[in-house]
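Taking it in order: structure first as structure tokens, then the write-up.
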Amino acid sequence: MLSIDDLDTPAIVIDAARAEANIRKAQAHADAHGLKLRPHIKT
Numbered sequence: 124m125l126s127i128d129d130l131d132t133p134a135i136v137i138d139a140a141r142a143e144a145n146i147r148k149a150q151a152h153a154d155a156h157g158l159k160l161r162p163h164i165k166t
């Protein structure tokens, strides 16, 4: 199994399940308020 110490840096590590859950939550909020959502990632 790959360890975080094995990654070249800089590296981005994303918890896909958490990112997807956050996007779903934001989309639900946007839908409830008649807004459009454009998901993006900030560093």
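For the sequence shown, position 20 (counting from the first letter as 1) is numbered 143 according to the working numbering, and the numbering increases by one without interruption. Heads up, the beta-carbon is just placed ideally off N, CA and C, and yes, glycines get one too. Please read all numbers here as calculations on a predicted model, not as lab measurements.
Taking the CA atoms as reference points, lysine 165 sits about 23 angstroms from aspartate 128. Out of Val136, Lys159, Ala134 and Ile135, the CA that lies nearest to the CA of isoleucine 146 is found in Lys159. Per DSSP, reduced to three states, the secondary structure at isoleucine 137 is coil, with no helix or strand assignment. If you draw a straight line from the Cα of alanine 144 to the Cα of aspartate 131, it comes to about 27 angstroms.
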